[in-house]
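*Asks:*
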Amino acid sequence: MPRKPPAAAPRARGIVSSSHLVSPRSVELSEFEFGLIVAWNAFSRWAVRCMAAAGCPDLTITDVLVLHHLCHRARNKKLADICFVLNYEDTHVVGYSLKKLVAAALARADRQGKEVFYSPTPQGEAFVQRYREVREDCLVKSLDTELNADIGELARLLRTMSGMYDQAARAATSL
Numbered sequence: 006m007p008r009k010p011p012a013a014a015p016r017a018r019g020i021v022s023s024s025h026l027v028s029p030r031s032v033e034l035s036e037f038e039f040g041l042i043v044a045w046n047a048f049s050r051w052a053v054r055c056m057a058a059a060g061c062p063d064l065t066i067t068d069v070l071v072l073h074h075l076c077h078r079a080r081n082k083k084l085a086d087i088c089f090v091l092n093y094e095d096t097h098v099v100g101y102s103l104k105k106l107v108a109a110a111l112a113r114a115d116r117q118g119k120e121v122f123y124s125p126t127p128q129g130e131a132f133v134q135r136y137r138e139v140r141e142d143c144l145v146k147s148l149d150t151e152l153n154a155d156i157g158e159l160a161r162l163l164r165t166m167s168g169m170y171d172q173a174a175r176a177a178t179s180l
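Each number in our numbering corresponds to the 1-based position in the sequence shown with 5 added.
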């Protein structure tokens, strides 16, 4: 008579923020969503405070992300491309952020025909470099390098989950 595999140990209740959404099919998804909410808010607070420590106290999380993206690969960028890479659906939010960055002399807008291309100013680049220094001192130094492989795996999982949520959003929109 074949032996039955041992029963799985009962799973501890997950830490969730919306118990009414927990599905028996995936308690883990609710745990993931709560973790994502908490991590996003902690990351947002960190990025804004890190930029303030770097000398730019009046930026929002969107402003910080847009400024960092403008410095990425030293290429001029269009509004639509910034929104696409950062996964912002509302171009007005990013457009407002770009206007703030231009007004603060952290970014510049160059019109080429009908297109507007954005890039960081030397002052914007200097603040991003200072952000990097603060990040190294306050965050990276405290990181256990043994976790780097896990962090890389988590980053891949987050990109996968992002695609799943985007597809689910499209499906929900068509209902």
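Ideal Cβ positions, reconstructed from N, Cα and C, are used throughout, including at glycine.
Could you name each continuous beta strand (DSSP E) segment of 3 residues or more that falls completely within the region 100–164, going from the start of the chain to the end?
*Replies:* 112–117 and 120–125
*Asks:* Given that a residue counts as buried once 16 or more other Cβ atoms are within 10 Å of its Cβ, and exposed if not, what is Ala-85?
*Replies:* exposed
*Asks:* Let me see if you follow: with CB-CB separation under 8 Å, is His-73 close to chain C or not?
*Replies:* Looking at the structure shown, chain C is missing, and only one protein chain is on hand.
*Asks:* Could you spell out the range, first to last residue, of the alpha helix (DSSP H) harbouring Asn-46?
*Replies:* 32–58
*Asks:* In terms of alpha-carbon separation, which member of Leu-64, Val-21 and Lys-83 lies closest to Ser-124?
*Replies:* Lys-83
*Asks:* For Leu-103, which residues in the same chain have their Cβ closer than 6 Å to its Cβ, ignoring the five residues on either side in sequence?
*Replies:* Tyr-123
*Asks:* Determine the direct distance from the alpha carbon of Val-21 to that of Leu-70, and round the result to whole angstroms.
*Replies:* 28 Å
*Asks:* Give me, in chain order, the residues of the same chain whose beta-carbon lies closer than 7 Å to that of His-73; leave out the 5 immediate sequence neighbours on both sides.
*Replies:* Val-133
*Asks:* Exposed or buried, what is Val-43 when buried is set at 16 or more other beta-carbons lying within 10 Å of its beta-carbon?
*Replies:* exposed
*Asks:* Would you report the Cα separation of Val-139 and His-25, rounded to the nearest angstrom?
*Replies:* 41 Å
*Asks:* Apply the 10 Å Cβ neighbour rule to Met-56 and answer buried if 16 or more other Cβ atoms are within range, or exposed otherwise.
*Replies:* buried
*Asks:* Suppose you measure from the CA of Pro-15 to the CA of Ser-31; what does that come to, to the nearest Å?
*Replies:* For Pro-15, the predicted structure reports a pLDDT of 48, less than 50, and the residue's modelled location is therefore unreliable. The matter cannot be settled from this model.
*Asks:* Considering just the uninterrupted stretch of the alpha helix (DSSP H) at Ile-87, what are its terminal residues?
*Replies:* 84–91
*Asks:* With 16 other CB atoms within 10 Å as the buried threshold, where does Ser-23 fall?
*Replies:* By the 10 Å Cβ count, Ser-23 comes out exposed.
*Asks:* Can the beta-carbon of Ala-112 be found less than 8 Å from the beta-carbon of Leu-75?
*Replies:* yes
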